[in-house]
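Going by the numbering used here, the sequence shown opens with residue 9, and the numbers climb by one from there.
C-beta atoms are modelled at their ideal positions from N, C-alpha and C, and glycine is treated no differently.
Everything below concerns the one structure shown next.
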Amino acid sequence: MGEPAIRRMSADEFFAWQRDQDGLYELVDGIPVPHVKMMTGASVQHDRATVNIIASLHGQLRGSGCRPTTDDVAMRTSITTIRRPDITVECGDLVRDTYENRSPRLVVEVLSPSTSSIDRFKKLDEYRRHPTLRYILLVETRFSGAVLYRRDEDGGAWETSAYEAMTDRIDLPAIGAALDLADIYEDMTFEREPEPPG
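Here it is, written out as structure tokens:
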């Protein structure tokens, strides 16, 4: 496996370099860094939630011009930074032989202890600046809970909604879909009960 170059790379240089690597990398401020799952792997909880969300979105979005993608397809958050959200909903024409989503509307990060801090802060700030994103969804795996960041109709401010009950539904009208917590957490068990609000 090739080692990451020390010098800073452009996005095009990064994608050309990534093709020769054994695992996935992100580009952070021009420097390639291993994707967290490359180092630690995904837990069963993380994998189950990810699969459940993709399965739900795939059925709902069929024929709509939008489609869910995995972290194999990257997303550019700045000129020098490329991330790999767990799930992205891309809307627009399907471009063959590309390595990145060009018109993402939703990103989902399925949280785990090893990624929670960077997902909740650094990546969240980057995602909020992306011009085509309408939704950012953070999904817990230690207990049932999700936080949705929704860009307002004027395209400026972000509104936040929290979901905890298995009967809760997360409406995503900008992509014509919704996610039920019961579907996200199908066949999952938790180590503890949800944290109380506040």
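Q.
Considering just the uninterrupted stretch of the beta strand (DSSP E) at D179, what are its terminal residues?
A. Per DSSP, D179 belongs to the beta strand (DSSP E) from 177 to 180.
Check: Which residues mark the beginning and the end of the beta strand (DSSP E) in which S169 is found?
Finding: Its beta strand (DSSP E) spans residues 166 to 171.
Residues bridged to I39 [DSSP beta-bridge criterion]: DSSP, once it has assigned bridges, lists V36 as partnering I39.
Extent of the continuous beta strand (DSSP E) run through D188: Residue range 185 to 188 is occupied by the beta strand (DSSP E) that includes D188.
Suppose the cutoff is 6 Å on Cβ atoms and the five residues either side in sequence are ignored; what does the same chain contact list for Y193 look like? The residues S152, in chain order, have a CB closer than 6 Å to that of Y193 in the same chain once the five nearest residues on each side in sequence are set aside.
**Prompt:** Which whole-angstrom value is the C-beta distance of L32 and D94, which I expect to be below 8 Å?
**Reply:** Not really, about 12 Å apart at Cβ, beyond 8 Å.
### Query
By the 10 Å Cβ neighbour count, where 16 or more other Cβ atoms means buried, how is P112 classified, buried or exposed?
Its Cβ being crowded by 16 or more others within 10 Å, P112 is buried.
- Residues bridged to Y135 [DSSP beta-bridge criterion]: The partner list for Y135 (beta bridge, DSSP) is empty, contrary to what the question assumes.
Quiz item: Mind checking whether Y143 and A173 have CB atoms under 8 Å apart?
Solution: No, Cβ-Cβ distance for Y143 and A173 is not below 8 Å.
*Once you ignore the five residues that flank R159 on each side, which residues in its own chain have a CB closer than 6 Å to its CB?*
Excluding sequence neighbours, R159 sits near R142, W166.
Q. Got a sec, what are the start and stop residues for the alpha helix (DSSP H) R56 sits in?
A. Unbroken alpha helix (DSSP H) run through R56: 52 to 69.
Exercise for the section: Please report how far the alpha carbon of H43 lies from the alpha carbon of C99, in whole angstroms. Expected result: The alpha-carbon of H43 is positioned some 24 Å away from that of C99.
**Asked** Who does A24 pair with in a DSSP beta bridge?
**Response** BP columns for A24 are empty, so no partner.
>> Can you tell me which residues form a DSSP beta bridge with A82?
In response: Under the DSSP definition of a beta bridge, A82 partners with E108.
Margin query: Are the CB atoms of E108 and L146 within a distance shorter than 8 Å?
Written below: No.
By how many angstroms is the C-alpha of D20 removed from the C-alpha of D37? Between the C-alpha atoms of D37 and D20 there is a straight-line separation of about 14 Å.
query: Where do the ends of the beta strand (DSSP E) carrying I87 lie?
result: That residue, I87, is in no beta strand (DSSP E); it is neither H nor E in DSSP.
- Among V155, E161, T85, S169, which one has its Cα closest to the Cα of Y135? The closest CA to that of Y135, considering only V155, E161, T85, S169, is found on T85.
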